[in-house]
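First residue of the sequence shown? That's 13 in this note's numbering, and the numbers climb one at a time after it.
The beta carbon of each residue, even a glycine, is placed where N, CA and C say it ideally should be.
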Amino acid sequence: MMLAGSRAEGAFLLRSLLDPPWSLRIEDHAPVTVLILVRGTAVVASDTGQTENLEAGDIALLRGPDPYTVADNLSTPIHVLIDEAQNCAAVDGSPLEDMSVLGVRTWGNSTSGQTVMLTGTYRLDSYVSGQILDSLTPVAVVRRSMETTPITTLLEQQIAADGPGQEVLLDRLLDLVLISAVRTWFAANPDRSPRWIKAYEDPIIGHALRLIHNRPEHPWTVAALAQEAGCSRAAFARRFTGLMGIGPVGYLTEWRLSVAADLLADPARTVSSIAREVGYSSPFALTTAFTRHHGVSPKAFRQTRRPPQWAETAANSRVQ
13 MMLAGSRAEG AFLLRSLLDP PWSLRIEDHA PVTVLILVRG TAVVASDTGQ
63 TENLEAGDIA LLRGPDPYTV ADNLSTPIHV LIDEAQNCAA VDGSPLEDMS
113 VLGVRTWGNS TSGQTVMLTG TYRLDSYVSG QILDSLTPVA VVRRSMETTP
163 ITTLLEQQIA ADGPGQEVLL DRLLDLVLIS AVRTWFAANP DRSPRWIKAY
213 EDPIIGHALR LIHNRPEHPW TVAALAQEAG CSRAAFARRF TGLMGIGPVG
263 YLTEWRLSVA ADLLADPART VSSIAREVGY SSPFALTTAF TRHHGVSPKA
313 FRQTRRPPQW AETAANSRVQ
């Protein structure tokens with residue numbers, strides 16, 4: 013699954029208990045935010061101009077870095093500003109008097125909350141999954157459904173718990189919510205779905221795509237992929253290009269270089285080791301192909317993939 017690149021690692025997770033009137037202005041520039049409305053109603057307004065009303069059980073996926081406002085009503089004046097470090101303050105910079113920590117990862121202006129909202133903020137973007145998430149609208153809303161409700165319910169139950177391994181558990185639950193919500197949204201909006209989603213359903217090309225995605229290090233050729241898919245080379249190439257809009261070799265190259273871009277975020281990996289992981293015979297061969305495709309060398313690209321300041325601060329500023 014191409015969304016595997018979006019893995020929460022020390023994600024910022026928060027449960028908000030709110031009584032109206034309330035209005036939060038979020039300027040954290042996070043790559044991806046998952047907002048789940050557990051109880052009540054709310055409205056989300058992105059600075060891109062898109063506004064969506066939310067009801068209990070709805071999920072909103074917010075694609076950064078655009079700021080947004082979430083409130084009980086758009087007519088409510090903004091009261092709280094949340095910055096890049098996930099710090100909360102009054103709009104005028106003064107301390108908040110009516111908002112307080114209410115428990116582990118819990119915050120708000122009420123111990124019960126007419127509105128209950130879960131927020132999960134991803135610290136780092138993924139080059140691979142970013143290409144998928146870019147197909148979403150700035151505020152992609154998934155209405156309450158049988159597919160997403162069990163996962164969001166489990167996240168709600170676990171978000172205020174604490175103990176060994178709890179952060180890892182919450183990270184994986186957030187991943188499940190994101191993947192489930194993205195799949196549901198694309199199913200409801202097929203005109204915005206990336207080509208590979210439909211291609212995955214094809215018995216021939218879908219099998220080939222899984223081989224490419226799961227084993228980018230393998231020395232794939234068009235003939236080898238066609239043989240694995242049980243199809244002639246010529247028929248396979250035509251079918252692949254028709255569904256994907258790009259030939260098998262071109263797509264394989266794009267996939268390998270996209271995976272390489274994500275692997276560069278790990279400082280423990282060398283260009284040499286990454287070259288082996290994505291099917292290049294040498295670091296020089298990878299560097300040449302990478303620079304041609306991305307416009308910068310792997311070394312220069314790696315500098316851009318370092319965690320932003322907000323991510324490092326957020327990792328150490330969870331509401332406890």
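Same chain only: Cβ atoms within 6 Å of D59, ignoring 5 sequence neighbours per side:
D78, P79
Give the C-beta separation of L122 and D31 to the nearest angstrom, bearing in mind that I take them to be a contact with Cβ-Cβ under 8 Å.
Note on identity: in this sequence residue 122 is Ser, with Leu being the wrong assignment. With 8 Å as the limit, S122 and D31 qualify as a contact, their Cβ atoms being about 4 Å apart.
In whole angstroms, give me the CA-to-CA distance for P202 and L182.
30 Å
Mind reading off the beta-carbon distance from A68 to L49? Whole number of angstroms is fine, and I expect it under 8 Å.
6 Å
Segment limits, alpha helix (DSSP H) that includes A141:
In the sequence as displayed, the identity of residue 141 is Ser instead of Ala. It spans 139-145 - the alpha helix (DSSP H) in which S141 sits, taken as one unbroken run.
Is G333 buried or exposed, if buried means 16 or more other CB atoms sit within 10 Å of its CB?
One cannot answer for residue 333 here, as it falls past the ends of the chain, which runs 13 to 332.
On the CB-based measure, 16 or more other CB atoms within 10 Å of its CB, does S28 come out buried or exposed?
buried
Closer than 8 Å is the cut-off here; do at least three beta carbon pairs connect the segment 207-227 with the segment 184-194?
no
Measure the Cβ-Cβ separation of T81 and R117 and say whether it is below 9 Å.
no
Based on the DSSP output, what are the partners of I286 in its beta bridges?
Bridge partners of I286: none, in fact.
Compare the Cα-Cα distances from S35 to each of C100, A297, S294, G218 and report the closest residue.
C100
Keeping to the same chain, check which residues put their C-beta closer than 8 Å to that of H306; ignore five residues upstream and five downstream.
L269, A273, F313
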